[in-house]
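Working notes, beginning with the structure itself.
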Amino acid sequence: MCGIVGYIGDKKAYPILINGLKRLEYRGYDSAGIALLNGESVLYKRKGKVADLEKHIGEASVAGNIGMGHTRWATHGEPNDENAHPHRSQNGKFMIIHNGIIENYSILKEKLITRGYEFKSETDTEVLANLIEYIYLKGDITAELAVRLALAKVVGAYGLVIMCYDEPDKLIAARKGSPLVIGVGKGEYFIASDATPIVEYTKSVIYLNDNDVAIIKKDELQLKTINNEALTPRIQELDLDIGEIDKMGYDHFMLKEINEQPKAISDTFRGRINSDLTNIHLGGLHAVWPNLENARRIIIIACGTSWHAGLVGEYLFEEFARIPVEVEYSSEFRYRKPIIYKDDVVIAISQSGETADTLAAIRLAKEAGAMVLGICNVVGSSIPRETDGGVYTHAGPEIGVASTKAFTAQVTVLTMMALKLAKKKYQIGDKQYHHLIKELTLIPEKIEKALLSNDHIKTIAELYKNSTNALYLGRGFLFPVALEGALKLKEISYIHAEGYPAAEMKHGPIALIDADMPVIVVATKDSSYEKIVSNIQEVKARNGVVIAVVTEGDVTIKNMANHVIEVPETPEHLAPLMSVIPLQLLSYHIAVMRGCNVDQPRNLAKSVTVE
Ligand code: AGP
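Count along the sequence shown from 1, then add 682; that gives the number in this note's numbering.
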């Protein structure tokens, strides 16, 4: 996924573009570039981060009130100066930035080569730039028409901003499959991949839909479809504050977002639990409860951390609502020809709402006639717009690539859904229903307490920061937490880590146990506690090292593990919300001690909008 930003108005474009790219860098950060029109067609681009681009530009000319910028997560062509965006067409008529993949680019490239075009980069984007120019020059037509005609030949996904040297008073934006949002200012417009670079200038935004094309002058915006049908722009107001996209004094966004979890969870259930804690209201599901109540099966589709949240959802729905649940990796589900029944209900979980594999899995399920719901964190993103209903997590923007508050917010939504559905299906009595609702509302203050172990966790991190492998174990509701803890460690510290159901250890992983590999056991008090205690003893008996997350006051495990991290007591059904916190902090501190880029880990991007 890449970051796109554009500006047209009376201000100097350059500072807005560079600042915007810094806000978008979490989306992709292997190279960056900007382009300006100021009588000249100015283009700077560089491998590396936005700071490297800034240094490269130095004191060079950056005049101009119209421009665009791009920060890249490479799909076609390795990260280098030439493959960075923007791309300029061969005769210099067009400059273009792109988020997405042009799937038929090689055919288009071959045709352009026969027409005398040469290519400097390996990217699909340069092919599109030259295709637009070729059509523009051949047909002696407007830039906007050339763009629309070129896009009609494209197979794939794009979020584009285009400038034409001959028409320096406009930006052209187009969207299909990759998000674009337009910020509406006074005598100025902003374009970006999401709202984070826009919110400090304006809260009035227009979300582009697939096949939309926008022609943007500083005081006029024209919206149409790729087929030239006029559209009426729908201006919405952002529910986002600049403070939410700033580190606010924390060293990293990830640490800020770990500490924001009490607020993220309370914001997620606020307004959805009545004041006497006796009922749950999920407005986004109001029309679809009958489908859920009569569902033959629930299929959860997601990737990464969201998939782990889905696993927690499986345990919750099956235990409370007694509905069979399958949890599928979106990428596997979309390609393996799954059996999908019309009375299945599919739940897509995604923080960004833009993950390409999950979007594709949604479309597959809808083609099969299933009801598809979404659990997303980004308002106006693609998944909420393509599903039949759903529930937003109110975690606020999650900038750190490693997902933390989104996970606990997703689990909060799944918990409310499972409890409400169980109540509707008479699978849970009032007493237990009210008790668990109350316990859910106590989670934020309990997490505040769990966060106080930060310094203790840091001392443990110091001891294991040079490990090369780690094993995470959990049972029942805590098995998905073990998987999530392992993912956190590997994606930001680059230590190999894997999560396993604790009982599975004797079927293989126990062979790995030695004094050099920390075994992190999620062992808070629950119905399988005695079993996990035995697993800890099995590890210790083989000279293993155990770091255990335990319920506060647990003496049994304290006397056998090498280290314990205590968390407040919670019902086992809500334990994932609590026990994940120490694992997030442990991975964070180890990564910082290893000098890793915690917010922008190598090779990763915040949302994978390509397949
Ligand atoms: C989690 O820390 C990772 N950043 C990654 O696995 C992420 O959860 C996955 O790419 C899914 O993203 P989504 O929730 O935006 O769909």
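Each residue gets a CB set at the ideal place from its N, CA and C atoms; glycine is no exception.
Excluding sequence positions up to five before and after residue 771, its CB lies within less than 6 Å of the CB of 811, 812 and 815, all in the same chain and listed in chain order. Counting every other CB atom within 10 Å of its CB across the protein chains shown gives residue 1049 a total below 16, marking it as exposed.
Sequence-distant partners of residue 988 (beyond 5 residues in either direction) whose C-beta falls short of 7 Å from its own C-beta, in its chain, are 1031, 1032, 1033 and 1092. Per DSSP, the unbroken alpha helix (DSSP H) holding residue 1121 starts and ends at 1112–1132. The Cβ atoms of residue 1105 and residue 1115 lie closer than 9 Å to each other.
Exclusion of the five residues before and after residue 1078 leaves 926 as the residues of its chain whose Cβ lies within less than 6 Å of its Cβ. Relative to the non-hydrogen atoms of the ligand AGP, the Cβ of residue 1282 never comes closer than 8 Å to any of them. Rounded to the nearest angstrom, the Cβ distance from residue 990 to residue 1186 is 16 Å, too far for a contact under 8 Å. At the C-beta level, residue 717 and residue 728 stay beyond 9 Å of one another. Put simply, the backbone Cα of residue 1073 is about 39 Å away from that of residue 1190. Look at residue 786 here: in three-state DSSP terms it is coil, with no helix or strand label. Cβ-Cβ distances below 7 Å link residue 1222 to 1228 and 1242 in the same chain, with the five nearest sequence neighbours on each side left out; the list follows chain order.
Contact check for residue 1135 and residue 1248: beta-carbon distance about 7 Å, within the 8 Å limit, so the pair qualifies. Each residue's CA atom was taken as its position, placing residue 705 and residue 785 some 28 Å apart. Proximity to residue 1060 across 1088, 781 and 1070 peaks at 1088, based on C-alpha coordinates. Taking C-beta separations shorter than 6 Å and ignoring five residues to either side along the sequence, the partners of residue 1015 in its chain run 983 and 1043, following chain order. Counting along the chain, residue 922 sits inside no beta strand (DSSP E), nor does DSSP assign it H or E at all. Ranking 1118, 868, 882 and 1071 by CA distance to the CA of residue 962 puts 1118 first.
When distances are taken from the beta-carbon of residue 1135 to the heavy atoms of the ligand AGP, even the shortest one reaches 8 Å or more.
Counting along the chain, residue 1211 sits inside the alpha helix (DSSP H) bounded by residues 1211–1222.
Three or more Cβ pairs closer than 8 Å define a contact, and the segment 854–867 meets that threshold against the segment 888–898. Residue 1140 and residue 1200 have their alpha carbons spaced roughly 15 Å apart. Under DSSP, residue 871 forms a beta bridge with 690 and 866. With three or more CB-CB distances shorter than 8 Å, the segment 692–701 counts as touching the segment 736–754. In the DSSP assignment, residue 844 falls within the unbroken beta strand (DSSP E) covering 838–846. According to DSSP, residue pairing for residue 779 in a beta bridge involves 843. Cβ neighbours of residue 1161 within its own chain (closer than 6 Å, five residues either side excluded): 1183. Excluding five sequence positions before and after residue 817, the CB atoms of its chain that fall closer than 7 Å to its own CB belong to 828, 831 and 832, given in chain order.
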